[in-house]
Each structure stands twice: as structure tokens, then as C-alpha cells.
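Below: one structure, written as C-alpha cells.
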Amino acid sequence: MTFSFDLLGTDGAARAGTLHTAHGDVPTPTFMAVGTAGTVKAMTADAVRSTGAKIVLGNTYHLMLRPTAERVARLGGLHKMMDWPGPILTDSGGFQVMSLAKLRKMTEDGVTFRSHIDGTAYHLTPERSMEIQHLLDSTITMVLDECTKFPATHDEAAASMRMSTRWAKRSRDAFIPREGYGQFGIVQGSVYEDLRKESAAALRELDFEGYAIGGLAVGEGQESMFAMLDITAPLLPTQKPRYLMGVGTPDDLLGSVARGVDMFDCVMPTRAGRTARAFTSHGVFNLRNARFIDDGRPLDESCSCLCCTRHTRAYLHHLIRAEEILGPMLLTTHNLTYYQSLMQGARAAILENRYAAYCEKTRAGWEDAKNG
Ligand SMILES: [Zn+2]
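If you count the sequence shown from 1, you need to add 16 to reach my numbering.
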């Protein structure tokens, strides 16, 4: 199985396709559940599958510290270790080094840092990040880049993006090709159109199997993010998948799909599930709220997940108030199912050329939250 992407239909800039990988096919647009440390938090692998998820994400930073990439390899790779035979995308570790690790020092060679767990020193280079992701047996390897801070001046963003471009070249050279496996480059350039263009052009030269758009959803706001997508997405090859990193809310997803994005990941649905919040067709609910104490209705009557077909809002409210672990488990199941349903609905709508109407109807439903 060659790693490839079939573009099956478009509606405006929105795209529906299928990603083919060594570990199975992924219908797009798709949302990747975040499996930080070899687990999607609060979920068994079967529970993740039950949400309709086809691909999950693993974090290089967490796994390289514990249990270590070499140990994951000895255990048969990440797929085997976490009972997920399907596709796995791993990030490069760079983003979390910058957000979690201590005493970071960035040079042209790479980044030196101390583990947030026990203070051990590490040196992460593009070559080492590719080696780690290879040991993890990642279906989709991400290049090591520097996620440009926000806000950044044009000069700062340019210097950061150009170093990321040099690292992308080193990452490409260090990547070990395998049948059905791929590597994605990451477009940077902050909110500057000329830098986004320069980055995309340089990465296209390296002919990656897919392209990510990085450095967004870092505080610039939805309007600015969409403006950058309007500029960046058309710079990317039509026949390759496009991944918007770290995004976002259901509304962010709909708007980004409309601008030509195929893949997403975000901790939002899982993290919200652990903090009593539910994404539903009627908007966002906080199940801790007293108004649910006697509410015998399903969380979301239009959802077919285990949480919504078997339990009531009142029970979820009780579980949250009693701090029972089943509460976060059920809400995570629901939230991930909701995100998958949103993407499945988008895909069907794009293939039938009714994507704008689908977005309008979905957004109208979210307005119900106050009444829900
Ligand atoms: Zn549900």
C-alpha cells in the first residue's frame, strides 16, 4: 500500500478525500484524537474506535521521556503497545519542548532541554526526532520545526521560519521511507503572507507526502487564522493532504474545512470531557451546572454514542458532582463522537455540494445552547 491521497470531491475550497496508509484508510476531512502518552486519556482503544476515529495522534515529547522510544520499539511499536493497529501520526516533539520542558536552549543544531518530569537533559535535533518517530513506528512523521511565538515581528517570524525550513530539509534527509508511511512538512510564517508563501514554496521543493499548517491557533484569533488559511491552503499541492495543527473548536473545524483543510488534531474534546464540558448539536454544555440535576434527557438526542444512547444528563451531572471517573470517560466518548460526526457530516455534504448549507444548519443548532 503506497501512502497516497485521493481527492474525491470539492465544494468551493472544501475537500473530501481518502488517505491511504500502511495501517488503513482515513476518510477526510478527519479529526485525530490526541493520544498524548500512548493513550487517549480516559479511553480504551475500543472506546476510541467506537467514536468513529480512524487515526490518532501520539506525542514524541511525552513518549521519548517515558517510556522512551527505544522501549516502545522493543514492545513492538506504538500501534501494538496501545492496541491501535490503525494509522498514527506523531508530532515532532518541538512544540511540547517549547511549552512543557525546562531550561530550553535553541541552536541551529537543535534544542537542548530538561524533562519536566525529572530534570534529565535531552538534545533533540531534526535527525533524532525522525529516529524517535521511526522507533515509535509512526504512520505519519512530522518534521521538527520551531512553532513561531505569537506575536512575533516580521524579522523574528522570518528568522524562525527559515530555520524551520533548514530543519525540514534535514528532517527529509533523515526520514527512512517505508511503503505506506509518510512525512509531512510544516508551513510557518506567523501572520505574514510573504513568509507563508516563502515557507510553502521551500517545502514543496522537498516533496513531502503531506503538508501541515503550523503556528496558528496560538492566540491570533479565529478571524486572523482563517485569513492565513485563505492565503496558505492554495499554496499547497492539491493532491496531498493538508493538516491544520492544534485546531480547534467545532466552529474552527467547519471554517477551516471550508478553506481546504483535510486533517485536524486538538486536545479540546478530550480535555473538555475531563472538565464536565460537552460539545453537542445544541452547543456547549457544562454538566456541572445545577440545571441538569433532574434532566432525564440524553446529552444529545441526535448522537449515537454510548453516553447518549444509554445515559441521561442527570446521571452525567451526578457522576461529575460525585467525582466518579465514569463521568470523564462518558463525556470524552461523547465529545470525540461528536467531533467525528461533525467531520463525517462535512464529508457527506462536500460530496453532495451542500457544504455551506451544512455549516449553516450546524451553527444554527449551536445557538440552542441557552434553551437546550
Ligand atoms: Zn453522544
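Ideal Cβ placement from N, Cα and C applies to all residues, glycine included.
Nearer than 8 Å: is that true of the beta carbon of residue i relative to any heavy atom of ligand 1?
| i | result |
| --- | --- |
| residue 392 | In the structure as shown, the chain begins at 17 and stops at 388. Residue 392 is therefore absent and cannot be evaluated. |
| residue 349 | yes |
| residue 66 | no |
| residue 328 | no |
| residue 354 | yes |
| residue 384 | no |
| residue 272 | no |
| residue 358 | no |
| residue 315 | yes |
| residue 320 | yes |
| residue 323 | yes |
Go ahead and label residue i buried or exposed: buried means 16 or more other beta carbons lie within 10 angstroms of its beta carbon, across all protein chains shown.
| i | result |
| --- | --- |
| residue 279 | buried |
| residue 95 | buried |
| residue 119 | exposed |
| residue 230 | buried |
| residue 115 | exposed |
| residue 306 | exposed |
| residue 123 | exposed |
| residue 117 | buried |
| residue 344 | buried |
| residue 262 | buried |
| residue 303 | buried |
| residue 312 | exposed |
| residue 195 | exposed |
| residue 309 | exposed |
| residue 109 | buried |
| residue 139 | exposed |
| residue 54 | buried |
| residue 84 | exposed |
| residue 377 | exposed |
| residue 326 | exposed |
| residue 237 | exposed |
What's the gap between the Cα of residue i and the Cα of residue j?
| i | j | result |
| --- | --- | --- |
| residue 171 | residue 222 | 24 Å |
| residue 266 | residue 340 | 27 Å |
| residue 213 | residue 259 | 17 Å |
| residue 18 | residue 81 | 32 Å |
| residue 276 | residue 207 | 18 Å |
| residue 93 | residue 153 | 5 Å |
| residue 103 | residue 209 | 33 Å |
| residue 179 | residue 215 | 10 Å |
| residue 60 | residue 174 | 43 Å |
| residue 227 | residue 76 | 18 Å |
| residue 161 | residue 147 | 15 Å |
| residue 331 | residue 324 | 11 Å |
| residue 37 | residue 239 | 33 Å |
| residue 113 | residue 234 | 15 Å |
| residue 158 | residue 79 | 15 Å |
| residue 264 | residue 91 | 33 Å |
| residue 329 | residue 354 | 16 Å |
| residue 14 | residue 182 | What the structure shows of the chain is the stretch from 17 to 388, and residue 14 is not part of that stretch, so it cannot be assessed. |
| residue 281 | residue 338 | 30 Å |
| residue 150 | residue 143 | 11 Å |
| residue 4 | residue 334 | Residue 4 lies beyond the residue range present for the chain, which begins at 17 and ends at 388; the question has no answer from this structure. |
| residue 347 | residue 87 | 32 Å |
Can you tell which of the options has the C-alpha that lies nearest to the C-alpha of residue i?
| i | options | result |
| --- | --- | --- |
| residue 186 | 195, 255, 199 and 103 | 199 |
| residue 137 | 359, 143, 121 and 51 | 121 |
| residue 74 | 237, 162, 24 and 283 | 283 |
| residue 247 | 257, 182 and 203 | 203 |
| residue 101 | 89, 40 and 21 | 40 |
| residue 219 | 241, 272 and 252 | 252 |
| residue 224 | 254, 241, 188 and 245 | 188 |
| residue 107 | 83, 72 and 135 | 72 |
| residue 58 | 192, 352 and 381 | 352 |
| residue 64 | 190, 255, 245 and 321 | 321 |
| residue 361 | 333, 319 and 336 | 319 |
| residue 111 | 67, 87 and 165 | 165 |
| residue 35 | 43, 374 and 364 | 43 |
| residue 25 | 126, 371, 378 and 381 | 371 |
| residue 242 | 255, 270 and 156 | 270 |
| residue 201 | 167, 236, 237 and 163 | 163 |
| residue 244 | 254, 272 and 257 | 272 |
Would you list, in sequence order, the uninterrupted alpha helix (DSSP H) runs of no fewer than 4 residues that lie entirely inside the region 163-202?
-> Listed in chain order, they are 170-190.
What are the start and end residues of each continuous beta strand (DSSP E) run of 3 or more residues lying completely inside the region 96-177, in chain order?
-> Runs found: 104-106, 118-122, 127-130, 137-140 and 156-158.
Can you check the region 45-98 for any alpha helix (DSSP H) of at least 4 residues that lies completely inside it and give the ranges in chain order?
-> Runs found: 61-66, 76-81, 85-90 and 94-97.
Entirely enclosed alpha helix (DSSP H) segments - the region 308-350, minimum 4 residues | DSSP runs (the alpha helix (DSSP H)) wholly in the region 308-350: 322-326 and 329-337.
Segments assigned alpha helix (DSSP H), at least 4 residues, entirely inside the region 232-296 = Within the region 232-296, the complete alpha helix (DSSP H) segments of 4 residues or longer fall at 238-248, 266-274 and 284-289, listed in chain order.
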